[in-house]
Structure formats: structure tokens, C-alpha cells
Amino acid sequence: VVTARVAQGVGGALLTPASLGLLLAGTPDSMRMATVAKWGSLTALGVATGPAVGSLIVDSYGWRWAFLVLPPFCLLAYVSGKSALPANAPNDKAPFPDLVGAVLLAIAMALLAFAIVQVGPWGWTSSGVIGSTILSVLLLGITFLKGLSHTAPALPTNLFRLRSLNMANLASGLQAAGLSASLLINILWLTEGWGYSIRVAGLATAPLPIFVACVSPLVGKLGARYGVRVIAVPGSFAWGAGVLMYALFVTETPNYWGLWLPASILVGIGVATTFPIISAAAVSEVPPEDFAVGGSLNQVGRQFGATIGVAALVTLIGSGTDIELFHAAWYLTAATGPLAAVAVFFIGETRRAE
Numbered sequence: 035v036v037t038a039r040v041a042q043g044v045g046g047a048l049l050t051p052a053s054l055g056l057l058l059a060g061t062p063d064s065m066r067m068a069t070v071a072k073w074g075s076l077t078a079l080g081v082a083t084g085p086a087v088g089s090l091i092v093d094s095y096g097w098r099w100a101f102l103v104l105p106p107f108c109l110l111a112y113v114s115g116k117s118a119l120p121a122n123a124p125n126d127k128a129p130f131p132d133l134v135g136a137v138l139l140a141i142a143m144a145l146l147a148f149a150i151v152q153v154g155p156w157g158w159t160s161s162g163v164i165g166s167t168i169l170s171v172l173l174l175g176i177t178f179l180k181g182l183s184h185t186a187p188a189l190p191t192n193l194f195r196l197r198s199l200n201m202a203n204l205a206s207g208l209q210a211a212g213l214s215a216s217l218l219i220n221i222l223w224l225t226e227g228w229g230y231s232i233r234v235a236g237l238a239t240a241p242l243p244i245f246v247a248c249v250s251p252l253v254g255k256l257g258a259r260y261g262v263r264v265i266a267v268p269g270s271f272a273w274g275a276g277v278l279m280y281a282l283f284v285t286e287t288p289n290y291w292g293l294w295l296p297a298s299i300l301v302g303i304g305v306a307t308t309f310p311i312i313s314a315a316a317v318s319e320v321p322p323e324d325f326a327v328g329g330s331l332n333q334v335g336r337q338f339g340a341t342i343g344v345a346a347l348v349t350l351i352g353s354g355t356d357i358e359l360f361h362a363a364w365y366l367t368a369a370t371g372p373l374a375a376v377a378v379f380f381i382g383e384t385r386r387a388e
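Our numbering applies: residue 35 is where the sequence shown begins, and numbers increase by one.
Structure follows, in C-alpha cells:
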């Protein structure tokens with residue numbers, strides 16, 4: 035299973051930046067914000083839909099089918115992409131990517147996640163946790179230094195001069211940490227705390243992706259007209275406020291309609307008004323020849339945030355069902371909203387010139 039998941043990760047790492055690069059290459063500057071926002075909204079929709087759809091599949095057919103349903107969609111994407119996307123001729127003069135740096139970066143992220151997960155059983159001051167953290171930082175430093183001299187580095191240092199990219203990546207990482215942790219917390223609480231079945235818990239999380247789907251199509255146009263900060267800063271606070279409602283008001287007595295649903299709607303609005311246009315802001319100043327690279331950096335930030343968010347949640351809650359642990363996890367997750375809002379504020383002006 036681990037090997038298969040690694041293969042999935044490699045496929046996603048190849049597919050996502052390439053899809054964004056193809057999209058941006060054929061998009062006029064005036065439509066870039068709206069177009070990338072649509073692309074980002076589909077990404078957010080997929081992440082938010084996962085728990086609801088996955089729980090229904092697992093409850094109905096077993097966990098293996100949660101993986102077996104994916105190949106047909108991959109085949110459909112391949113066939114439709116092959117017929118619809120423009121064929122780009124290979125560029126023999128393009129530099130070969132820094133594969134060693136990419137492997138070092140992946141190992142560094144894995145070591146940091148491992149260190150966070152092991153804080154519970156081993157303790158903060160254990161040699162394993164400290165050693166894994168130090169080794170992770172060292173590998174990140176080596177990867178960065180390799181990027182200074184490599185022609186196609188895993189971490190393209192030339193793009194780190196772009197404030198919009200740096201701040202958008204920071205915001206993406208914070209939001210991915212919060213969203214990934216929140217989705218897992220919610221499923222765990224609905225099944226363990228309120229005693230919902232897996233199927234009912236999946237249905238209970240459905241309003242989040244529904245609101246993402248309803249609100250996201252408007253966000254790109256609004257972001258292009260008014261700028262990312264006007265839309266995504268309030269959206270980040272809305273996201274944080276929705277999760278804060280879980281932390282403040284959830285009790286051991288189920289209250290779906292009066293509490294859970296309103297909080298989920300608020301979170302859905304926050305996700306829809308932040309994820310899509312922050313993806314667009316990340317590449318707003320990136321040169322056309324680096325679109326795919328800039329998009330990949332944004333994905334690195336997002337995946338790194340998601341990894342750390344889930345690892346921190348596992349450390350905090352573990353296998354416990356104490357409501358105080360869940361409240362603490364929700365408080366921690368809610369904090370990512372205002373922190374992301376600060377990062378979004380410093381992205382800078384992205385409004386399209388009239």
C-alpha cells in the first residue's frame with residue numbers, strides 16, 4: 035500500500051504542475067486570474083469532496099473500492115487530454131531536472147512529518163524526534179543550496195524573489211494544513227464522538243464541497259476585478275470562524291442542523307473564496323516560461339502544509355476520543371485562518387488593470 039501511494043504521489047507531482055503550465059500557456063493575461071481560479075476551485079472541490087464520497091464507497095463496498103474507482107477516471111483524463119490538449123514538441127535543449135534534489139526534498143518532508151507524529155509516543159526531547167527534525171532541516175538546506183547552481187533545481191531559488199509567490203505559498207500551506215486536519219478531525223468526531231455511521235458521517239460533510247462548488251465559479255471574476263486581498267482575506271477569516279464554531283460549541287450531544295451545518299457552510303465559503311484565487315496569485319508575477327515551475331512550488335507548499343497538518347493532528351489526538359482533545363485540535367486548526375489572512379494581505383496588488 036505504501037509503495038502504491040508513493041507511485042500516486044509521483045503521478046500527482048508530474049500531473050498538477052504540468053496541467054497548470056498548459057493552462058497558463060494558452061490563457062491571455064487578462065483572463066489568467068479567472069482561469070487559474072477555476073483550476074484551483076476544482077482542486078479545492080476534489081479535496082473537500084474526498085471524505086464524503088470516500089466514506090460512502092467504503093461503507094458500501096469496502097476500502098479496496100476507494101482505490102479501484104480511481105483508474106477509470108485516470109483513463110478518462112488521459113483519453114480526453116490526449117485528444118484536447120495541444121501537443122508540445124520535446125525540447126532537447128531543456129536542462130534535466132534535479133532528481134537528487136527532488137528526492138532530498140521528499141525525504142526532508144517525510145522526516146519532519148515523522149518527527150511530529152512521534153512526539154506523542156517518544157516525547158519532544160527524545161533523540162529520535164530531535165534527530166529527525168535536524169536531519170530534515172539539513173536536507174532542506176542542501177536542497178536549497180543545490181538549487182543555487184543547478185539549471186533546473188527542485189527548489190528554483192530565482193522565483194523566491196517574487197513576494198506574491200512566497201506569500202501565496204505560505205497562505206496555501208497554512209490553509210492546506212488547516213483543511214486537511216479539519217476534514218480528518220470532523221470525520222473522527224462524527225463517527226467516534228457522535229456515533230454516526232461512516233455513511234452518515236460522509237453525508238454530514240457533504241455541505242462543504244457543495245458550497246465550494248456553488249461559490250467558486252464567482253471567485254475568479256471577483257478576484258480579477260477587486261484583487262486577491264479583498265476576497266481572500268475575509269475568506270480566510272470566514273474559514274477560521276467556521277472551524278472556531280466547532281471548537282466553541284460542539285458537545286457530546288449531537289447538534290447537526292443548529293451547529294454543524296452552519297459551521298460547515300461558513301468553512302465552505304471560506305475555502306471557496308481562498309483556495310482558487312490564492313493559486314492564481316501564486317503565479318501572477320511568474321514569467322511565462324516558468325508557469326509550470328511556479329505552479330509546482332505552490333503545490334509543494336500546499337502538500338507540505340497538508341502533511342504537517344495531518345501529522346500534528348495525529349500527534350494531538352492519537353486514538354483518543356476525549357472531547358477536550360478535539361476542541362484543542364479545532365482551536366489549533368482555526369488559527370490557520372487568520373494566519374493565512376496575514377499572508378494573503380502581503381501578497382500585494384493583483385487586481386487586473388481596467
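Yeah, the Cβ is synthetic: ideal placement off N, Cα and C, and Gly gets one too.
From a predicted model like this one, the values you see are computed outputs, not experimental measurements.
Inter-residue Cα distance where the pair is Lys127 and Val36: 36 Å
The alpha helix (DSSP H) spanning Asn289 covers which residue range? From DSSP, Asn289 is part of no alpha helix (DSSP H); its letter is neither H nor E.
Quick check on the burial criterion: 16 or more other C-beta atoms within 10 angstroms. Buried or exposed for Pro187? Taking a 10 Å sphere around the C-beta of Pro187, we find 16 or more other C-beta atoms and assign the residue as buried.
Boundaries of the alpha helix (DSSP H) in which Gln337 is found, first to last residue: Phe325 to Ile351
Assign Ala71 to buried or exposed, taking buried as 16 or more other Cβ atoms, counted over all protein chains shown, within 10 Å of its Cβ. buried
Length of the line joining the Cα atoms of Pro321 and Arg233: Distance between the alpha carbons of Pro321 and Arg233: 46 Å.
Please state whether the Cβ-Cβ distance between Thr349 and Val153 is less than 8 Å. With contacts defined as CB atoms closer than 8 Å, Thr349 and Val153 qualify as a contacting pair.
Ignore the nearest five residues each way along the sequence and tell me which others in Ala368's own chain have a CB closer than 7 Å to its CB. For Ala368, where only same-chain residues beyond five positions count, the Cβ hits under 7 Å are Gly274, Val277, Leu278 and Ala281.
Do Leu79 and Ala247 have their C-beta atoms within less than 8 Å of each other? yes
Going by CA-CA distance only, name the one from Gly162, Gly175 and Ser117 that's closest to Leu139. Gly175
If we call anything under 8 Å between Cβ atoms a contact, is Phe245 one with Ala306? Going by C-beta atoms, Phe245 is nearer than 8 Å to Ala306.
First and last residue of the uninterrupted alpha helix (DSSP H) at Tyr112: Leu104 to Ala118
Pairs of beta-carbons, one from the region 206 to 223 and one from the region 39 to 53, closer than 8 Å: are there three or more? no
What do you get for Phe338, buried or exposed, if any count of 16 or more other CB atoms within 10 angstroms of its CB means buried? buried
Going by the beta-carbon positions, is the gap between Ser166 and Ala149 smaller than 8 Å? yes
So Leu373 is in the alpha helix (DSSP H); what residue range does that whole segment cover? It spans Thr370 to Phe379 - the alpha helix (DSSP H) in which Leu373 sits, taken as one unbroken run.
Could you tell me which uninterrupted beta strand (DSSP E) segments, each at least 3 residues in length, are contained entirely in the region 259 to 311, listed from first to last along the chain? none
Neighbourhood of Gly328 by C-beta distance below 7 Å, restricted to the same chain and skipping five residues each side: Leu193, Leu199, Ala316, Val317 and Val320
Does any residue of chain B bring its CB to less than 8 Å from the CB of Glu226? In summary, chain B is missing from the structure at hand, where a single protein chain is found.
If Thr77 sits next to Leu208, beta carbons under 8 Å apart, how far is it from one beta carbon to the other, in whole angstroms? About 16 Å; that fails the 8 Å criterion.
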